[in-house]
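Protein chains in written order, with full-length UniProt numbering: chain Z, 1 to 194; chain F, 1 to 194; chain C, 1 to 194; chain D, 1 to 194.
All C-beta atoms, glycine included, are put in the ideal place defined by N, C-alpha and C.
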DNA sequence: AATGAATGAGGATTCATTCAT
DNA sequence: GATGAATGAATCCTCATTCAT
């Protein structure tokens with residue numbers, strides 16, 4: 001059963017990816033089961049073989065996205081270099097997400113209506129885990145004398161907020177390349193820790 | 001008929017305010033006409049006496065909110081003081097909105113699904129007008145030597161983004177008062193222009 | 001109270017005329033009270049001062065139309081001339097109605113959904129009264145040797161049916177004038193009685 | 001998948017037949033999706049699996065009816081016999097429709113509110129196609145010396161009009177049988193071409 | 001005599017969900 | 001595993017009707 005197990009996992013992931021696409025275009029309420037299925041050349045009925053219901057799909061979308069993003073950020077944290085270098089990497093990674101995986105990213109930062117209390121808390125908890133990685137690096141940087149901040153959490157909020165806003169205005173054919181944006185943001189936002 | 005005219009205007013405003021509340025809780029798609037009406041002890045049918053349809057209501061919500069906010073920001077701009085002082089005021093005003101009028105504010109920063117091309121453009125245009133007020137002050141400050149920035153628009157994006165994120169984490173009974181947040185953000189974000 | 005009585009009668013008639021217009025454009029179900037009122041620069045609420053409800057308005061429309069048409073046909077019948085001449089006049093009158101008062105006419109020949117059993121019977125009865133005038137003239141013509149028909153009622157049905165169909169194809173700027181149509185139809189249809 | 005295809009086609013036809021019944025009783029506006037579904041022991045929601053919307057159903061009703069009727073008339077045209085015999089057959093066929101398929105027939109002769117310009121034109125075009133079959137036979141009959149008419153189209157209008165009116169007065173238990181009506185009408189109406 | 005405002009019932013449409021096959 | 005078909009609850013919207021003023 002290993003094989004069919006893998007197939008199922010793969011299919012589930014496909015469905016989640018399709019759902020992410022649709023949800024980002026139409027919002028969680030606007031996205032229909034049919035939309036999600038159509039993208040995969042399936043019929044909506046089939047989705048219920050893999051997921052309990054729509055709510056479940058949307059929830060697992062958030063879960064998947066946050067897990068993936070957190071993993072990437074942890075990689076930055078575990079790399080070599082000073083805390084400043086690590087934070088710069090984290091910032092660049094986050095920005096790359098915001099721009100290149102706009103859809104996934106959007107899901108990360110919008111809590112989204114539709115969830116039960118329990119599910120919402122779980123999502124918010126994961127989001128917090130993600131943010132804590134930034135905090136840890138900042139705090140270490142303060143301890144090592146690289147950074148200065150009276151309120152590290154508030155500063156992190158500013159940094160993340162500034163970056164999250166990017167996907168509101170970024171356009172693929174705009175004046176700045178992704179690289180330029182990454183550099184400018186990284187350089188500027190570090191000022192907040194000086 | 002001035003009187004009945006005023007009454008109608010008042011009622012329309014009441015409906016818009018109710019709609020803002022509901023939309024912020026449930027999103028534009030989740031909000032039902034019944035929800036909006038219930039808040040005002042009306043029946044959904046009555047709403048159609050004042051507005052053409054749901055889309056119309058949601059659109060006018062955005063319009064109202066953006067008009068009000070822009071007016072407040074313009075007041076800051078037209079006040080006395082240096083450009084730095086003016087920008088500080090604008091930042092504090094924006095933060096006050098983000099916190100105290102969370103509902104209205106949310107509507108300002110989320111474009112929201114549901115609109116026609118024309119309507120969406122109109123809203124985005126108004127949003128841009130609002131942002132331009134910040135740009136103007138920043139540019140004047142650069143000219144007068146108060147500020148430094150290689151890319152004023154990008155810097156403004158960071159500043160606004162950082163502030164807009166506040167409503168994602170602010171809780172009424174948190175550790176910081178509104179005043180403290182305003183002061184810390186204002187002081188910190190100005191670093192981006194130094 | 002004679003004066004206000006007249007005013008009321010006039011207003012009622014205006015409303016019925018407006019209703020006829022609207023019903024003919026949109027059908028009895030498609031016509032709304034607002035449509036009927038708008039034509040007269042009134043508000044729909046006011047209609048209820050003059051009529052019990054919509055059904056009542058539509059019913060009285062039919063009544064008015066049939067009364068008027070019957071009166072005109074009776075005039076033909078009471079005129080001078082042979083029965084053939086009288087029937088020719090009746091045919092021409094009916095055709096003039098079908099063309100010039102298309103709206104009124106339509107109401108005469110469509111029973112129209114929406115009525116109660118009682119009302120429908122009343123309308124059908126009036127419609128029958130109208131048709132009987134044709135029958136009377138035909139029967140007299142047979143008696144006098146002007147006409148020949150094995151089944152006068154069936155022949156009358158053919159004649160009326162042929163004429164009623166005119167309003168389905170007649171166009172104001174068509175090839176035939178009203179006069180020509182009247183003449184051709186009158187001459188042709190009389191063949192059915194020869 | 002030929003099988004399921006057939007099933008769908010059958011179901012669609014059933015729905016159209018039910019719709020025809022209901023529309024004839026209550027008119028196109030009065031007929032509700034629920035009415036149409038109830039007849040088939042379905043729920044209104046199911047109808048949308050087969051048709052886009054109500055308008056679509058009503059339109060296809062007309063299409064179906066006109067296609068069927070035209071086919072029958074073409075059969076008459078393609079049969080053996082003189083033009084007079086062919087026209088007699090067409091008249092009898094048309095009358096049979098008017099009486100036995102009153103519901104279908106009604107739909108043929110009432111354009112009905114509710115359609116878009118495009119759809120209405122399409123229906124009127126089909127109706128015209130049907131009428132042209134009569135014209136053709138009449139014209140051929142004139143050419144062969146069987147018929148006489150100064151204006152064949154106008155004469156055809158009278159013939160069709162006379163027949164269409166039948167369904168306004170025909171009652172199943174009336175004095176005349178269908179056969180008698182067919183004979184009397186056919187004999188009488190031919191006089192219009194003599 | 002008229003109207004502004006409100007209502008509520010009804011109807012079209014959408015869509016998540018179910019289930020037999 | 002997948003789907004065709006059906007369902008019914010929810011939602012937007014319309015409109016005849018009412019009534020205080």
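Beta-carbon within less than 8 angstroms of residue i's beta-carbon, same chain only, minus the 5 sequence neighbours each way: which residues are those?
i: residue 194 of chain D; result: 147 and 148
i: residue 104 of chain Z; result: 20, 65, 68, 69 and 97
i: residue 47 of chain D; result: 15, 33, 36, 37 and 57
i: residue 25 of chain C; result: 31
i: residue 203 of chain Z; result: Residue 203 of chain Z cannot be examined here, being either before or after the span of chain Z that is shown, 1 to 194.
By Cβ distance, which residues of its chain are closer than 7 angstroms to residue i, with the 5 residues on each side in sequence left out?
i: residue 72 of chain C; result: 93
i: residue 177 of chain C; result: none
i: residue 41 of chain Z; result: none
i: residue 170 of chain F; result: 99
i: residue 201 of chain D; result: A query on residue 201 of chain D cannot be resolved here, the shown segment of chain D reaching from 1 to 194 and no further.
i: residue 86 of chain C; result: 76, 77, 79 and 137
i: residue 14 of chain Z; result: 40
Can you tell me whether residue i is buried or exposed, with buried defined as 16 or more other CB within 10 angstroms of its CB?
i: residue 125 of chain F; result: exposed
i: residue 82 of chain C; result: exposed
i: residue 8 of chain Z; result: exposed
i: residue 143 of chain D; result: exposed
i: residue 28 of chain D; result: buried
i: residue 187 of chain C; result: exposed
i: residue 118 of chain Z; result: exposed
i: residue 43 of chain D; result: exposed
i: residue 10 of chain F; result: exposed
i: residue 113 of chain C; result: buried
i: residue 152 of chain C; result: buried
i: residue 128 of chain Z; result: exposed
i: residue 164 of chain F; result: buried
i: residue 116 of chain F; result: exposed
i: residue 175 of chain F; result: exposed
i: residue 161 of chain D; result: buried
i: residue 6 of chain C; result: exposed
i: residue 130 of chain D; result: buried
Residue i by DSSP, collapsed to three states: which one?
i: residue 148 of chain Z; result: coil
i: residue 39 of chain C; result: coil
i: residue 48 of chain Z; result: helix
i: residue 169 of chain C; result: helix
i: residue 114 of chain D; result: coil
i: residue 174 of chain F; result: coil
i: residue 31 of chain Z; result: coil
i: residue 12 of chain Z; result: helix
i: residue 158 of chain F; result: helix
i: residue 6 of chain C; result: helix
i: residue 21 of chain C; result: helix
i: residue 194 of chain D; result: coil
Would you say the beta carbon of residue i is closer than 7 angstroms to some non-hydrogen atom of the ligand HEM?
i: residue 26 of chain Z; result: The model on display carries no ligand, and the ligand HEM is accordingly not part of it.
Within the continuous alpha helix (DSSP H) that includes residue i, where are the two ends?
i: residue 187 of chain F; result: 178-190
i: residue 128 of chain F; result: 117-143
i: residue 96 of chain D; result: 83-100
i: residue 63 of chain C; result: 54-78
With a CB to CB cut of under 6 angstroms and the five nearest residues on each side skipped, what residues in its chain are close to residue i?
i: residue 89 of chain F; result: 76
i: residue 23 of chain C; result: 31
i: residue 109 of chain D; result: 164
i: residue 102 of chain F; result: 167
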